[in-house]
Each structure stands twice: as C-alpha cells, then as structure tokens.
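Take a look at the structure below.
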Amino acid sequence: MADFDKQDFFTDPAIADDNTGYVAHMRSKCPVLREPHHGVFMVTGYDAALEVLGTRSGSFSSAVAVTGPIPPLPFTPHGDDIREQVRENRPNMVWTEHLATMDGEEHAKNRALIQQLLTHKRLKANENFVAGLVIRLVDAVIDKGACEITEDFAHALSTLVIADLLGVPEEEHAGLIDLIGLPPTQMGGDAGHKVQADPLTWLHDRFRGYLLDRKANPRDDMMTDLVQSRYKDGSEPTLERLTRLACFLFGAGQDTSARLVAFSFRVLGDQPEIQAQLRAEPERIPDFIEEVLRMYYPVKTLSRLAVEPTEVAGVAVPVGAILTINTGGANHDPHRFPDPERFDFNRPNVRDHISFSRGSHACLGAPLARMEVRVALEQFLSRTSDIRISEAHHGPRESRRYACEPTYLLSGLQALHVEWDKA
Ligand code: HEM
0 MADFDKQDFF TDPAIADDNT GYVAHMRSKC PVLREPHHGV FMVTGYDAAL
50 EVLGTRSGSF SSAVAVTGPI PPLPFTPHGD DIREQVRENR PNMVWTEHLA
100 TMDGEEHAKN RALIQQLLTH KRLKANENFV AGLVIRLVDA VIDKGACEIT
150 EDFAHALSTL VIADLLGVPE EEHAGLIDLI GLPPTQMGGD AGHKVQADPL
200 TWLHDRFRGY LLDRKANPRD DMMTDLVQSR YKDGSEPTLE RLTRLACFLF
250 GAGQDTSARL VAFSFRVLGD QPEIQAQLRA EPERIPDFIE EVLRMYYPVK
300 TLSRLAVEPT EVAGVAVPVG AILTINTGGA NHDPHRFPDP ERFDFNRPNV
350 RDHISFSRGS HACLGAPLAR MEVRVALEQF LSRTSDIRIS EAHHGPRESR
400 RYACEPTYLL SGLQALHVEW DKA
C-alpha cells in the first residue's frame with residue numbers, strides 16, 4: 000500500500016501511471032492542502048478548483064501554468080503584491096512567452112486574436128478535411144487487424160488536423176510528419192529525421208516562414224488571417240508574437256488530442272459493452288468522449304502563482320505560493336461526480352469536468368478536439384465489429400498494464416496495442 004504522504008506528486012513515476020489514490024488521499028484530508036516536497040498547495044476538490052479558475056482568478060498569475068514548481072521561481076517574492084515582480088522576471092522563466100502563461104491585458108488581447116480566427120466556417124472546412132483524413136488513416140491499418148494506436152493513428156491524426164486548420168498545405172504534411180518523428184504511415188514521410196528537442200522551438204522557424212509567405216502571398220487559410228490580424232485597439236502584432244501564437248496553437252492542438260484518442264480506445268477495448276452501445280447509437284459518441292475526458296484528462300495539472308495573499312476553500316494561500324489544480328482531483332470529486340471511478344457516460348453532468356480548464360484560460364481548441372475524436376471514433380467503430388486490448392502487450396482484462404508518460408503536466412499512454420475484427 001503506497002504511503003501517499005511520502006510520495007512526491009511532481010517526480011514519482013508511480014503517480015504518473017495512476018494518481019487516483021494520491022488525489023483521493025489528499026482530498027480526504029482537505030481539498031486545498033500544502034504538500035511537503037515543494038510547498039505547493041494541491042487543489043483536489045471540484046469547488047476549490049472552480050474558485051481558483053473563476054471567482055479568485057484575479058489573485059493568481061498563470062506564469063507557472065506549464066512548469067508548476069519545477070524549476071523554482073527565479074526570484075524571492077516580497078511584499079503583498081508581486082504582479083510587477085512576475086512581469087519583470089518573465090524573461091528568466093521558462094515557457095512564459097506562450098499564451099497559456101500570459102496574464103491580464105497581455106493575455107486578453109492575444110487570446111482575442113486567436114479566438115477571432117477560430118470561426119465556425121474555418122472549423123467546418125476543417126471537419127471536411129478530418130473526415131477524409133480519418134478514412135485514409137483507417138484504410139492504412141484496417142486490414143492488419145491490429146495496431147499501436149498512439150503511433151499508428153492518434154499522433155498522425157492530431158498533427159495533420161491542426162496543420163490543416165492552420166493552413167499548412169497538404170503537400171507539406173508528409174514533411175511535417177517526418178520532422179515530428181512520427182512513423183511514415185501512408186503519408187509518405189521518412190521517419191529517419193526525428194526532432195527530439197522541444198517541438199515549439201524547431202517549429203518556430205518553419206511557422207515564421209509560413210507567416211512571411213502568407214504576408215506576401217495571401218491565401219484562404221488561418222495563417223493568412225493571423226498575419227493580417229490586428230489587436231482590438233488597431234495595433235499590429237509583431238511577427239515574433241504571431242509566430243509564437245501559431246507555434247503554441249500547433250503544439251496545444253497536436254499532442255493533447257492524440258492523448259484523448261488513445262484514452263478513448265482504452266475504454267472501448269476494456270468495456271466491449273460500451274462499444275456495442277456506441278455502434279448502435281453513434282449519436283452518443285459525444286457523451287462518451289466527455290466521460291473519457293472526465294476519467295483521463297490529457298492535461299493533468301493547472302498551476303498558478305498567488306500574486307497577493309488570498310484564500311481558496313477557506314484555506315489561506317500566502318503571496319508567492321504555487322498552487323496546482325489536479326484535474327483528476329476535481330474530475331473525480333465524489334461530491335460532484337458520484338461513484339467517480341465508474342465510467343458512466345449517462346451522468347447528467349457528464350460535461351462538467353474541468354479537462355479543458357475554465358475561466359479566462361479555458362481551452363480554445365475544445366470544439367476542434369471534440370470534433371476530431373468524434374469523427375475518428377465514428378469511423379473506427381463503423382468499420383470494426385470488436386475492438387480489443389492486446390493481452391500480449393497489456394495483460395488480461397482483470398490485470399491490465401498501461402504505462403503512462405512520466406510527467407506531472409500531461410497524462411498520456413506511452414503505447415496502446417489494440418486488435419479488432421473487421422465489420
Ligand atoms: C483533448 C484535447 C485538449 C485538451 C484536454 C486541452 C486542454 C487545455 C487546457 C487544460 C488548457 C488550459 C490550461 C490552463 O488553464 O492553464 C488549454 C488551453 C489552450 N488550448 Fe487546449 N486542449 C486540447 C486541445 C486543444 C486544441 C486542439 C487546440 C488548438 C486548436 C488547443 C488550443 C489551446 C489554446 C490556444 C489554449 C490557451 C488558452 C489561453 O491560455 O487563453 N487545445 N487546453
């Protein structure tokens with residue numbers, strides 16, 4: 000039996016594989032509890048999480064949204080209002096130039112820029128692309144009767160969907176797949192040249208090039224819209240800013256959705272009765288996806304920095320403290336979701352999870368993610384009669400082995416081997 004009080008949430012690989020016990024233990028003590036290893040306030044209660052993301056969000060900075068307490072702050076907070084210190088120290092902090100970590104006015108104006116590009120028309124056109132892409136991806140594996148979902152299907156799907164949305168031309172998709180290091184599949188890439196470094200760094204030059212090209216040669220695509228966009232006050236964003244926004248969109252849309260696809264297949268494989276129901280009632284697939292998001296949440300933690308003394312759920316949080324919302328804690332809070340470990344897409348509040356966050360930083364790509372996973376599942380389910388988890392790789396149903404990526408920010412299966420019968 001694990002001693003949860005001794006486990007370090009941010010570094011213990013056992014928690015990366017399954018944090019259910021840890022968050023339940025923390026919540027049972029208090030929905031907002033300071034853990035001993037990094038002094039982080041762990042938020043594991045649903046109402047407390049909404050307080051941080053909603054009514055009390057003004058007391059927090061998102062500068063640490065991605066990194067949490069690792070690495071430590073590059074300054075020692077002093078005084079009762081550290082907003083200015085956070086602003087001054089941003090250049091010394093990692094990841095702080097991306098949308099998810101911006102604060103206040105800077106965040107609002109850049110978010111508005113992206114929001115105005117994600118139009119219904121753009122998403123509709125993207126859905127047509129997704130439908131064709133999914134058919135091609137399923138065609139590539141269907142006759143084999145088995146595949147490793149994350150590499151053979153999910154990553155290619157999510158990468159190419161976001162590439163199409165942004166306007167990376169189809170003839171360059173194979174090169175993109177190639178650069179990211181995905182298997183070539185039928186896209187014709189050569190998996191030899193893998194990019195191991197931070198994808199957003201190497202993407203930078205490529206997207207800068209695309210934006211410069213669209214400035215000179217406008218097309219009907221989102222990168223053209225981006226390069227022609229203006230802030231609400233009429234001022235023009237710099238090319239550097241636009242490049243970072245495009246890279247962030249690509250990164251945010253690429254990896255998270257792939258994780259959701261893999262988790263969905265895990266549930267389908269583990270619960271054949273759900274498969275049967277969804278084949279008979281495909282209109283229930285959206286509810287199924289919401290329950291997968293509640294149960295498995297690709298973004299595991301949302302961290303914030305207290306920029307003034309505040310309190311959450313009645314617990315005092317001092318200025319300079321880092322607070323980490325456990326998505327799983329909130330999504331599995333029995334006060335909000337009765338019998339939380341049971342997969343039940345008939346829950347009346349099935350969309351109440353916080354897997355896309357809430358408030359001013361809530362995910363801008365949620366409609367896209369929901370759409371691409373829905374189209375993928377519709378297609379896969381209609382062309383198979385029985386999707387099974389490979390026992391050779393993951394063990395028998397009573398004692399499955401699923402390895403997750405060892406990170407405290409994102410949650411994802413390292414691999415998922417499935418088999419099926421063709422319909
Ligand atoms: C299942 C898939 C996805 C999940 C679970 C997810 C989750 C999240 C979460 C939790 C946040 C907020 C982080 C915070 O509050 O600190 C976020 C922000 C964001 N997501 Fe997603 N995301 C997904 C897919 C996408 C896609 C496909 C796109 C792109 C089209 C996207 C674009 C963004 C952007 C731009 C933000 C930043 C919003 C802001 O800071 O104002 N996401 N996402």
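Mapping of the sequence shown onto numbering that gives the first Met the number 0: position 158 corresponds to residue 157, and the numbering continues sequentially without gaps. In this text, a Cβ means the ideal position worked out from N, Cα and C, and glycines have one as well. As the structure is a prediction and not an experimental result, all values here were calculated from the model.
What number of angstroms, rounded off, separates the C-alpha of residue i from the C-alpha of residue j?
i      : j      : result
Asn127 : Leu210 : 24 Å
Glu280 : Leu415 : 25 Å
Glu371 : Glu87  : 40 Å
Gly364 : Lys5   : 37 Å
Phe287 : Asp79  : 45 Å
Pro339 : Ala1   : 21 Å
Val140 : Ser384 : 15 Å
Thr406 : Cys146 : 25 Å
Gly394 : Arg400 : 6 Å
Glu404 : Ile388 : 19 Å
Arg335 : Leu412 : 26 Å
Ala15  : Leu409 : 9 Å
Asn330 : Asp343 : 13 Å
Lys193 : Lys143 : Bear in mind that the predicted position of Lys193 carries a pLDDT of just 39, short of 50, making it unreliable; the figure below should be weighed with that in mind. Using only the alpha carbons, I get a separation of about 26 Å.
Ala48  : Ala422 : 43 Å
Lys231 : Arg303 : 27 Å
Arg33  : Met101 : 25 Å
Phe247 : Gln114 : 13 Å
Leu259 : Asn216 : 36 Å
Phe264 : Glu235 : 44 Å
Leu164 : Glu239 : 20 Å
Thr19  : Thr237 : 44 Å
Phe278 : Asp219 : Reading the sequence as shown, one finds Arg at residue 278 and not Phe. So the alpha carbons of these two residues sit roughly 37 Å apart.
Ser381 : Phe249 : 29 Å
Ala315 : Ala13  : 30 Å
Pro337 : Val417 : 30 Å
Pro168 : Thr149 : 24 Å
Leu376 : Ser60  : 37 Å
Ala312 : Pro285 : 32 Å
Leu202 : Ala245 : 9 Å
Glu241 : Leu112 : The sequence given here has Leu at residue 241, not Glu. Going from the Cα of Leu241 to the Cα of Leu112 covers about 10 Å.
Thr118 : Ala130 : 19 Å
Under the three-state reduction of DSSP, which class applies to residue i: helix, strand or coil?
i      : result
Lys143 : coil
Thr43  : coil
Ile386 : strand
Ala422 : coil
Arg373 : helix
Phe439 : Limits of the chain in this structure are 0 at one end and 422 at the other, which puts residue 439 out of reach.
Cys403 : strand
Val137 : helix
Arg33  : strand
Val160 : helix
Leu202 : helix
Leu409 : strand
Val298 : strand
Val417 : strand
Ala439 : Nothing can be reported for residue 439, as the shown portion of the chain is limited to 0 through 422.
Ser232 : Checking the sequence shown, residue 232 turns out to be Asp, not Ser. Asp232 falls in the coil class under three-state DSSP.
Leu122 : helix
Looking at residue i: is its Cβ nearer than 8 Å to the Cβ of residue j?
i      : j      : result
Gln445 : Arg283 : Residue 445 lies beyond the stretch modelled for the chain, which goes from 0 to 422, so this question has no answer here.
Ala62  : Val39  : no
Ser256 : Ala368 : yes
Leu98  : Met221 : no
Ala251 : Ala153 : no
Leu175 : Leu156 : no
Pro308 : Val318 : yes
Phe74  : His36  : no
Glu96  : Arg243 : yes
Ala305 : Ser58  : yes
Ile161 : Gln378 : no
(request) Answer yes if the region 208 to 228 comes into contact with the region 86 to 101, meaning at least three C-beta pairs across the two stretches below 8 Å, and no otherwise. (result) no
Could you check whether the region 347 to 359 touches the region 51 to 62, counting it as contact only if at least three pairs of C-beta atoms, one from each stretch, sit closer than 8 Å?
yes
Below 8 Å, can you find three or more Cβ-Cβ pairs linking the region 316 to 329 to the region 20 to 36?
yes
- Message: Under 8 Å, with one C-beta from each stretch per pair, do the region 341 to 350 and the region 55 to 74 reach the 3-pair mark?
- Response: no
_List, from N- to C-terminal side, the alpha helix (DSSP H) runs of 4 residues or more that fit wholly inside the region 301 to 381._
326 to 330
Those runs of the alpha helix (DSSP H) which lie wholly inside the region 248 to 293 and span at least 4 residues: 271 to 279
> Does the pairing of the region 258 to 272 with the region 222 to 232 give three or more beta-carbon distances under 8 Å?
Replying inline: Taking a contact to require three or more Cβ pairs closer than 8 Å, the region 258 to 272 and the region 222 to 232 do not qualify as touching.
Exercise for review: Any chance you could list the alpha helix (DSSP H) runs of at least 4 consecutive residues sitting entirely within the region 59 to 110, in chain order?
Suggested key: Listed in chain order, the complete alpha helix (DSSP H) runs (minimum 4 residues) inside the region 59 to 110 are 82 to 88.
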